[in-house]
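Just so we're aligned: the sequence shown equals residues 11 to 570 in the numbering used here. From the three backbone atoms N, C-alpha and C, an ideal C-beta is built for every residue, glycine too. Quick caveat, the model's predicted, so the values are computed rather than measured. Remarks on the structure that follows.
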Amino acid sequence: MERIAAPAVAAAGPEVSIARQDSTVAIVAFVGLAAALVLLFPFPPVLDYANHYARIWLLSGGIGEQPFPEIYAVDWNRTFTNVGIDVLATWLGPLVGADRLARALLFLAIVLPPLGAIGLHRALFGGRHHWQTAMLSLSWCATMIGGFINFQIGLGMALFFACVDLRLQRRNPALVFVWRLAAALLLTVMHIFALGFYMAIVCGLEFSWRIDIVRSKVGLMRLAGRLVLAFGACVLPPLALYLHTAALPNAGGDGLGLVWNDGVVLIVMNLLSAITTYVPVVDVVLVLPLILICTRAIRAGDIRIHAGLAVAACGLLLLSCVSPRHMLGTGWISWRFPIMTAFVAMAMVCPFANLTRRQALLLALIINFAVFGRTGWVGWNWWLAQKDVAAVETVLKKVPAGAAVLPLGHEPETVSGLAHSNRHFAWGLDTFRHLPTLAVPFSHAFVPTLFTAKGKQPLSVLPPWSEIAVPEGNLLSIGVLSCPAMMQEYRNFTPYLSDWRRRFDFVLVANADIPDRYVGTLMPAGLTLLDDAGFAKLYAIDKTMPVEPLSIPTGCARAS
């Protein structure tokens with residue numbers, strides 16, 4: 011097979027042997043380390059994971075325990091995509107247990123995408139090049155730390171399916187079409203963006219190694235025909251499922267709900283989501299050696315590139331820049347494309363395939379330092395977060411079954427310092443937002459922010475609980491209880507704030523060991539502190555409104 015860039019012939023002559031590269035040991039070590047992290051830290055600082063865990067617990071059988079039959083219902087007609095973990099929770103959860111299944115899914119979300127990219131690289135270039143180890147670095151990205159479990163697993167599935175597709179391309183077209191139908195169906199159920207990723211890779215593989223195919227009219231027509239068949243096979247399953255369910259997410263009935271990355275800075279930050287974890291500076295420093303390896307290989311002429319995947323990567327990069335940040339009630343749409351671009355970009359190149367033993371050893375050391383350095387950094391943050399999780403578990407012990415818990419938090423003045431680096435990621439977003447949803451499996455209590463979005467989850471909230479529930483929610487500042495302007499601002503987005511004293515029994519405050527930027531540690535009258543575990547505090551709500559007039563803290567002026 012021909013490449014658009016061929017490796018340079020070693021100038022030193024035949025007496026200098028080319029070292030045999032092998033990435034297997036490093037890959038096995040990384041998979042083992044990822045498994046250890048998942049086993050050691052049951053609730054890592056991964057934004058959506060606790061919320062997913064609570065839903066997995068319900069779908070695994072918890073929904074049959076009191077008081078949940080009167081609170082939740084399961085309706086599979088609500089959605090046709092983004093339900094991979096929900097399906098597995100329903101099928102496997104009762105057999106293996108919610109905790110084991112949730113951890114297994116988190117593990118797959120970490121390792122499946124890079125392993126799929128490695129498999130595709132080996133299918134394209136052959137051998138076990140050290141560059142394949144570098145792909146493990148992309149395990150840690152904003153979508154992973156954000157807890158996009160279905161999406162991450164879907165990326166891995168798409169890459170592995172592409173490996174199969176590559177082997178079938180020259181066989182019976184009917185067989186290829188049927189395979190793509192099956193792959194598209196599975197990917198649609200897992201996550202619709204995973205299907206889009208698979209389509210991009212398939213188009214790149216159909217384009218083949220050489221870019222000069224576009225200079226041949228006959229070759230271009232054949233390529234167009236193959237792409238039409240590929241698109242047709244991939245589009246039919248989601249179209250059929252959509253016509254059956256007709257359920258799409260929406261932003262509370264306000265149309266598309268588009269929010270854009272409307273500026274160069276925001277676009278650059280969005281592109282960096284492919285490598286961002288807890289502190290962007292640390293991530294950039296640890297990824298920089300991998301970038302330098304590619305630039306050095308280009309200068310040395312020792313790099314091979316798959317032209318078709320290069321075209322696919324360019325298309326994904328363009329989508330990374332122009333896609334909306336939020337749409338149809340779904341957040342961080344634009345985060346999905348940079349990590350897709352990064353995986354395709356790493357799988358399409360093979361730098362430094364021709365090295366002496368000493369050079370290969372140096373290359374392996376640099377790559378392993380970058381990969382395991384990032385993994386160690388993530389592990390450090392996961393370890394830091396365990397005391398916060400323990401604090402939430404401690405206060406939840408005082409919440410009785412059937413209670414309604416109002417989750418709030420302290421919004422810090424600034425996000426800085428390594429002492430609490432685990433609490434924020436991706437430019438200030440909190441990672442602890444959904445820890446209060448652990449009240450569902452741990453205390454059998456109601457929390458209004460459990461994921462129940464129509465078009466994305468099969469779980470729904472029954473009346474009258476639905477009056478104080480939202481399909482997706484943030485962790486608002488405790489200032490919302492004391493600042494009328496803030497309460498008014500959020501009332502339409504968080505209906506559970508209306509008459510909160512009567513509808514809720516407890517207030518659970520997260521990040522409580524750091525003063526809130528608006529009201530410090532001040533709580534309104536009628537709340538009794540039941541437990542202070544540092545990071546988490548639990549207050550009992552007096553159902554009777556205080557007689558004295560509401561005193562508005564001076565800090566509320568900052569929220570207006």
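### Query
Curious, which full-length beta strand (DSSP E) runs of at least 3 residues does the region 310 to 343 contain?
313 to 315
#### Entry: Environment of L50 [buried if 16+ CB atoms lie within 10 Å]
As a first step, residue 50 is located in the sequence shown; it is residue number 40 there, counting from the start. By the 10 Å Cβ count, L50 comes out exposed.
### Query
How about H201 and G164: do their beta carbons lie closer than 8 Å?
Against the sequence shown, residue 201 aligns to sequence position 191. Against the sequence shown, residue 164 aligns to sequence position 154. Against a cut-off of 8 Å, the Cβ pair of G164 and H201 comes out as a contact.
#### Entry: Beta-bridge partners of T287, as assigned by DSSP
On the sequence shown, residue 287 is found 277 positions in, with the first residue counted as 1. T287 is not bridged to any residue.
### Beta-carbon proximity list for F347, same chain, < 7 Å, skipping 5 on both sides
Here residue 347 corresponds to residue number 337 of the sequence shown, with the count starting at 1. Excluding positions up to five away in sequence, the list reads L326, L329, S330, S333.
### Message
For I211, count the other beta carbons within 10 Å of its own beta carbon; 16 or more makes it buried, fewer makes it exposed. Which is it?
### Response
By one-based count along the sequence shown, residue 211 stands at place 201. Result: buried.
### Message
With a threshold of 8 Å on Cβ separation, who are the neighbours of E75 within its own chain once the five nearest residues in sequence on each side are excluded?
### Response
In the sequence shown, the residue the question calls residue 75 occupies position 65. H454.
### Message
If you measure between the beta carbons of K553 and T89, is that distance less than 8 Å?
### Response
Reading the sequence shown from its first residue, position 543 is the one you call residue 553. Reading the sequence shown from its first residue, position 79 is the one you call residue 89. Their beta carbons are not under 8 Å apart, which means K553 does not touch T89 by this criterion.
### Message
Using the Cβ count rule (16 or more neighbours within 10 Å means buried), how would you classify E423?
### Response
Your numbering for residue 423 matches position 413 in the sequence shown. Counting Cβ neighbours within 10 Å, E423 comes out exposed, since fewer than 16 surround it.
### Query
For K464, which of helix, strand or coil comes out of DSSP?
Working through the sequence shown from its first residue, we reach residue 464 at position 454. Here K464 sits in coil by DSSP.
### Task
Consult DSSP for V517 and reduce its assignment to one of helix, strand or coil.
The count along the sequence shown starts at 1 and reaches residue 517 at position 507. Three-state result, V517: strand.
### Task
Specify, as a first and last residue, the run of the alpha helix (DSSP H) that D398 falls within.
By 1-based counting over the sequence shown, the position of residue 398 is 388. D398 -> alpha helix (DSSP H) spans 367 to 406.
#### Entry: Outcome for N271 when other beta-carbon atoms lying within 10 angstroms are tallied against a minimum of 16
For this step, residue 271 is matched to residue 261 along the sequence shown. Per the 10 Å Cβ criterion, buried.
### Message
V529 and G565 - do their beta-carbons sit closer together than 8 Å?
### Response
Locating residue 565 in the sequence shown gives position 555, where the first residue counts as 1. Locating residue 529 in the sequence shown gives position 519, where the first residue counts as 1. Going by C-beta atoms, G565 is nearer than 8 Å to V529.
### Task
Please say whether P123 and G166 have beta carbons closer to each other than 8 Å?
Locating residue 166 in the sequence shown gives position 156, where the first residue counts as 1. Locating residue 123 in the sequence shown gives position 113, where the first residue counts as 1. Yes, the pair counts as a contact, with Cβ atoms nearer than the cut-off.
### Task
With DSSP as the reference, label F161 as helix, strand or coil.
Against the sequence shown, residue 161 aligns to sequence position 151. If DSSP states are grouped into helix, strand and coil, F161 belongs with the helices.
### Where D109 sits in the DSSP three-state scheme
Along the sequence shown, one-based indexing puts residue 109 at 99. Looking at D109 - three-state DSSP - the assignment turns out to be helix.
### Query
So, helix, strand or coil for I551, using DSSP?
As a position in the sequence shown, residue 551 is number 541, starting the count at 1. Looking at I551 - three-state DSSP - the assignment turns out to be strand.
### Task
Under the assumption that Y208 contacts A172 (Cβ atoms under 8 Å), give the Cβ distance between them as a whole number of angstroms.
Working through the sequence shown from its first residue, we reach residue 208 at position 198. Working through the sequence shown from its first residue, we reach residue 172 at position 162. Contact flag correct, Cβ pair sits at about 6 Å.
### Query
Taking the alpha-carbon positions, what's the T351 to H316 distance?
Stepping through the sequence shown from its first residue, residue 351 is reached at position 341. Stepping through the sequence shown from its first residue, residue 316 is reached at position 306. Rounded to the nearest angstrom, the two C-alpha atoms are 14 Å apart.
### Task
Answer yes if the region 405 to 416 comes into contact with the region 538 to 549, meaning at least three C-beta pairs across the two stretches below 8 Å, and no otherwise.
yes
### Task
Express the C-alpha separation of R314 and F308 in angstroms, rounding to a whole number.
Taking the first residue of the sequence shown as 1, we reach residue 308 at position 298. Taking the first residue of the sequence shown as 1, we reach residue 314 at position 304. It should be pointed out that residue 308 corresponds to Ile in this sequence rather than to Phe. One C-alpha to the other measures close to 9 Å.
### Query
For the alpha helix (DSSP H) that P494 lies in, which residues bound it at each end?
The residue you call residue 494 lines up with position 484 of the sequence shown. Looking at the DSSP string, the run of the alpha helix (DSSP H) that includes P494 is 494 to 500.
### Query
Is V651 helix, strand or coil when you go by DSSP?
Not covered by the structure: residue 651. The range shown for the chain is 11 to 570.
### Message
In the DSSP output, what is G530 paired with across the bridge?
### Response
The sequence position of residue 530 within the sequence shown is 520, counting from 1. For G530, which the question treats as bridged, DSSP gives the partners D526.
### Query
Should S147 be labelled buried (16 or more other beta-carbon atoms within 10 Å of its own) or exposed?
Here the question's residue 147 lines up with position 137 in the sequence shown. Under this definition S147 is a buried residue.
### Query
By the 10 Å Cβ neighbour count, where 16 or more other Cβ atoms means buried, how is N573 classified, buried or exposed?
Examination of residue 573 is not possible in this model, given that the chain is present from 11 through 570 alone.
#### Entry: N-terminal and C-terminal residue of the alpha helix (DSSP H) that L451 is part of
In the sequence shown, residue 451 corresponds to position 441, counting from 1. Just to set this straight, residue 451 is Pro in the shown sequence, not Leu. Per DSSP, P451 belongs to the alpha helix (DSSP H) from 449 to 453.
### Task
Tell me whether V269 sits in a helix, a strand or coil according to DSSP, three-state version.
Residue 269 sits at position 259 when you count from the first residue of the sequence shown. Note: V269 maps to strand in three-state DSSP.
### Query
Quick one: Cα of L460 to Cα of L176, how far?
Here the question's residue 460 lines up with position 450 in the sequence shown. Here the question's residue 176 lines up with position 166 in the sequence shown. Cα to Cα, the separation comes out at about 40 Å.
### Query
Which ranges would you report for the alpha helix (DSSP H) in the region 161 to 210 if only whole runs of at least 4 residues count?
183 to 200
### Task
Indicate the three-state DSSP secondary structure (helix, strand or coil) for V480 in the structure shown.
The residue labelled residue 480 in the question sits at position 470 within the sequence shown. In the structure shown, V480 sits in coil (DSSP, three-state: anything other than H, G, I, E or B).
### Message
So for C360, helix, strand or coil by DSSP?
### Response
Residue 360 sits at position 350 when you count from the first residue of the sequence shown. C360: strand per DSSP, three-state reduction.
### Query
Hey, quick one: how far does the alpha helix (DSSP H) through L43 stretch, first residue to last?
To locate residue 43, count along the sequence shown from 1; it is residue 33. Residues 34 to 50.
### Message
Using 8 Å as the threshold, is the C-beta distance between N378 and T143 below it?
### Response
Here residue 378 corresponds to residue number 368 of the sequence shown, with the count starting at 1. Here residue 143 corresponds to residue number 133 of the sequence shown, with the count starting at 1. Contact flag set, yes.
#### Entry: Close Cβ partners of Y571 (< 6 Å) along its chain, the five nearest in sequence each way excluded
Only positions 11 to 570 of the chain appear in this structure, which leaves residue 571 out of reach.
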